[in-house]
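Novice: Handing you a structure now.
Structural data, given as structure tokens:
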């Protein structure tokens with residue numbers, strides 16, 4: 001299969017993630033859609049690594065996975081903190097920065 | 100054979116992505132994302148990225164998704180809108196934006212004219228993407244990135260613990276302050292620290 005097909009799958013997954021972030025209101029699902037976008041970027045990086053016969057793109061993808069794990073840890077910590085304060089788990093309700 | 104594997108894996112990945120966005124229950128959305136990750140790992144295997152595919156399945160589908168499942172079980176799977184929705188207008192604009200982005204990326208990829216994109220890839224050799232090669236890169240050329248990634252993981256883990264810790268005895272339950280945690284006034288583990296700090300500093304000077 002040519003590399004273009006992989007890049008198209010990556011683009012479609014990325015746009016599905018964008019649509020999810022824009023339309024969903026539960027912060028848990030928004031985090032999941034961010035994961036979708038990061039994974040789409042990973043797929044594109046690995047596809048380009050394969051196209052050029054160079055593994056440095058795979059290293060980049062692994063670092064992106066580390067950053068995604070950090071984002072998940074902090075994001076889920078925020079959601080648990082929200083739940084403990086009995087704040088609504090809804091991004092439309094959480095518009096104010098001040099507590 | 101490679102074509103069949105590609106289309107099956109791509110269909111699994113796309114169906115998982117669609118399910119993540121469309122399913123109402125966050126628990127099912129997490130399960131759909133696990134399905135998406137498995138399909139993506141198969142695509143990575145087809146791209147000869149063996150170590151990345153293994154890390155994807157073990158780290159993402161194994162560890163991170165378990166974290167998600169626990170948080171969904173703790174918070175509860177409700178997805179009831181509290182305020183009325185902004186109506187179909189906002190949703191239509193969001194979908195329009197996403198499809199415009201898709202068209203733009205497709206034009207950028209197909210119109211880039213890179214000759215290498217129409218091939219199956221070049222320069223494959225025995226051991227491409229194997230753990231030995233990846234480890235060698237991480238410990239020689241990308242050592243700084245490797246160490247920074249470990250530091251970032253440590254910072255994120257500590258930050259997540261501070262954010263999600265149980266606050267008992269707060270007067271105003273809506274107050275959230277990291278500085279207070281560091282001072283150790285209201286935290287559950289702060290009293291012991293304060294004692295040792297005061298002992299170390301001695302009695303007030305003035």
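Chains as they are written, first to last, in the numbering used here: chain X, 1 to 99; chain F, 100 to 305. Yeah, the Cβ is synthetic: ideal placement off N, Cα and C, and Gly gets one too. Remember, it's a predicted structure, so these values are computed and weren't measured experimentally.
#1: With a CB to CB cut of under 7 Å and the five nearest residues on each side skipped, what residues in its chain are close to residue 66(X)?
#2: CB residue 138(F) to CB residue 154(F), shorter than 8 Å?
#3: So, do the segment 144-162 of chain F and the segment 113-126 of chain F have three or more beta carbon pairs nearer to each other than 8 Å?
#4: Determine, using beta carbons only, whether residue 95(X) comes closer than 8 Å to chain F.
#5: Ordered along the chain, which non-local residues of its own chain (more than five positions away) have a Cβ less than 7 Å from that of residue 16(X)?
#6: Quick check: the segment 37-54 of chain X against the segment 238-245 of chain F, are there 3 or more CB pairs under 8 Å?
#7: Closer than 8 Å, CB to CB, is residue 306(F) near chain X or not?
#8: Less than 8 Å between C-beta atoms, sequence neighbours within five positions excluded: which residues of the same chain meet that for residue 164(F)?
#9: The segment 24-35 of chain X: which residues have C-beta closer than 9 Å to a C-beta of chain F, in chain order?
#10: Chain F partners of residue 80(X), CB-CB under 8 Å?
#11: For chain X, is any of its Cβ atoms less than 8 Å away from the one on residue 242(F)?
#12: By DSSP, does residue 84(X) sit in helix, in strand, or in coil?
#13: Could you give the distance in angstroms between the alpha-carbon of residue 103(F) and the alpha-carbon of residue 110(F)?
#14: When you compare the CB of residue 190(F) with every CB in chain X, is at least one pair closer than 8 Å?
#15: Starting from residue 223(F) and walking both ways along the alpha helix (DSSP H), at which residues does that stretch end?
#16: By alpha-carbon positions, which one of 174(F), 196(F) and 166(F) ends up nearest to residue 21(X)?
#17: Three or more beta-carbon pairs under 8 Å between the segment 55-70 of chain X and the segment 241-250 of chain F, yes or no?
#18: Please identify the residue among 234(F), 233(F) and 166(F) whose C-alpha is closest to the C-alpha of residue 259(F).
#19: Can you tell me whether residue 265(F) is buried or exposed? The criterion is at least 16 other CB atoms within 10 Å of its CB, across all chains shown.
#20: Which of helix, strand or coil does DSSP assign to residue 198(F)?
#21: Report the option in 255(F), 263(F) and 202(F) whose CA atom is closest to the CA atom of residue 68(X).
#22: Can you name, in chain order, every residue of its own chain whose Cβ lies under 8 Å from the Cβ of residue 270(F), other than the five neighbours on each side?
#23: Output needed for residue 116(F): all residues of its chain with C-beta closer than 7 Å, excluding positions within five of it in sequence on either side, in chain order.
#24: For residue 145(F) versus residue 114(F), is the C-beta distance shorter than 8 Å?
#25: Roughly how many angstroms separate the alpha carbons of residue 187(F) and residue 55(X), rounded to a whole number?
#26: Give, in chain order, every residue of the segment 46-61 of chain X whose Cβ lies closer than 8 Å to some Cβ of chain F.
#27: Could you tell me the alpha carbon to alpha carbon distance between residue 50(X) and residue 207(F), rounded to whole angstroms?
#28: Do you know how far the Cα of residue 73(X) is from the Cα of residue 46(X)?
#29: Look at the alpha carbon of residue 257(F) and the alpha carbon of residue 230(F), and state the distance between them as a whole number of angstroms.
#30: Is the CB of residue 19(X) under 8 Å away from at least one CB in chain F?
#31: By a C-beta neighbour count over all protein chains shown, 10 Å radius and 16 as the cutoff for buried, is residue 75(X) buried or exposed?
#32: Are there 16 or more other CB atoms within 10 angstroms of the CB of residue 107(F), so buried, or fewer, so exposed?
#33: Closer than 8 Å, Cβ to any Cβ of chain X: which residues of the segment 141-159 of chain F, in chain order?
Specialist: Concretely, from the data shown:
#1: For the purposes of this step, residue 66(X) is taken as residue 66 along the first chain, with counting starting at 1. Contacts found: none.
#2: Counted from its first residue, the second chain places residue 138(F) at position 39. Counted from its first residue, the second chain places residue 154(F) at position 55. The answer is no: Cβ separation not under 8 Å.
#3: no
#4: Residue mapping note: residue 95(X) aligns to position 95 of the first chain, counting from 1. False, the Cβ-Cβ gap to chain F never drops below 8 Å.
#5: For this step, residue 16(X) is matched to residue 16 along the first chain. Contacts found: 36.
#6: Short answer: they don't touch.
#7: There is simply no residue 306(F) to check, as chain F begins at 100 and stops at 305 in what is shown.
#8: Start at 1 with the first residue of the second chain, and residue 164(F) comes out as number 65. These residues qualify, in order along the chain: 129, 132, 133 and 136.
#9: 24, 25, 26, 28, 29, 31, 32, 33 and 35
#10: Within the first chain, the letter at position 80 stands for residue 80(X). Within 8 Å Cβ-Cβ: 170, 173, 174, 262 and 263.
#11: Stepping through the second chain from its first residue, residue 242(F) is reached at position 143. For residue 242(F), the answer is no, since every Cβ of chain X falls outside 8 Å of its Cβ.
#12: Your numbering for residue 84(X) matches position 84 in the first chain. Here residue 84(X) sits in helix by DSSP.
#13: Here residue 103(F) is taken as the residue at index 4 of the second chain, counted from 1. Here residue 110(F) is taken as the residue at index 11 of the second chain, counted from 1. Cα-Cα distance, rounded: 11 Å.
#14: For the purposes of this step, residue 190(F) is taken as the residue at position 91 of the second chain. Yes, because at least one Cβ of chain X sits closer than 8 Å to the Cβ of residue 190(F).
#15: As a first step, residue 223(F) must be located in the second chain, where it is residue number 124. Unbroken run through residue 223(F): none, as it is neither H nor E.
#16: The residue labelled residue 21(X) in the question sits at position 21 within the first chain. For the residues 174(F), 196(F) and 166(F), the minimum Cα distance to residue 21(X) belongs to 196(F).
#17: Contact between the segment 55-70 of chain X and the segment 241-250 of chain F is present: 3 or more CB-CB pairs across the two stretches fall below 8 Å.
#18: Here the question's residue 259(F) lines up with position 160 in the second chain. The candidate whose alpha carbon is nearest that of residue 259(F) is 166(F).
#19: The sequence position of residue 265(F) within the second chain is 166, counting from 1. Exposed: under 16 other Cβ atoms inside 10 Å.
#20: In the second chain, residue 198(F) corresponds to position 99, counting from 1. In this structure, residue 198(F) counts as helix in the three-state DSSP scheme.
#21: Along the first chain, one-based indexing puts residue 68(X) at 68. Taking only the C-alpha atoms, the option nearest residue 68(X) is 255(F).
#22: On the second chain, residue 270(F) is found 171 positions in, with the first residue counted as 1. With a pLDDT of only 49 at residue 270(F), under the threshold of 50, the placement of this residue in the model should not be trusted, and no figure is reported.
#23: Position 17 of the second chain, counted from the first residue, corresponds to residue 116(F). Excluding positions up to five away in sequence, the list reads 135.
#24: For the purposes of this step, residue 145(F) is identified with residue 46 of the second chain, where counting begins at 1. For the purposes of this step, residue 114(F) is identified with residue 15 of the second chain, where counting begins at 1. No; because the gap between Cβ atoms is not below 8 Å, this pair is not in contact.
#25: What you label residue 187(F) is simply residue 88 of the second chain in a count that begins at 1. What you label residue 55(X) is simply residue 55 of the first chain in a count that begins at 1. Cα to Cα, residue 187(F) sits roughly 45 Å from residue 55(X).
#26: 46, 47, 49, 50, 51, 52, 53, 54, 55, 56, 58, 59 and 61
#27: By 1-based counting over the first chain, the position of residue 50(X) is 50. By 1-based counting over the second chain, the position of residue 207(F) is 108. Using only the alpha carbons, I get a separation of about 19 Å.
#28: For the purposes of this step, residue 46(X) is identified with residue 46 of the first chain, where counting begins at 1. For the purposes of this step, residue 73(X) is identified with residue 73 of the first chain, where counting begins at 1. Roughly 24 Å between the two C-alpha positions.
#29: Against the second chain, residue 257(F) aligns to sequence position 158. Against the second chain, residue 230(F) aligns to sequence position 131. Their backbone Cα atoms lie some 29 Å apart in a straight line.
#30: Locating residue 19(X) in the first chain gives position 19, where the first residue counts as 1. Residue-level contact by beta carbon holds for residue 19(X) and chain F, with a gap shorter than 8 Å.
#31: By one-based count along the first chain, residue 75(X) stands at place 75. The residue is buried, with at least 16 neighbouring Cβ atoms inside 10 Å.
#32: What you label residue 107(F) is simply residue 8 of the second chain in a count that begins at 1. Residue environment analysis places residue 107(F) among the exposed positions, since fewer than 16 neighbouring C-beta atoms fall within 10 angstroms of its C-beta.
#33: Cβ contacts with chain X: 142, 143, 145, 146, 147, 148, 150, 151, 154, 155, 158 and 159.
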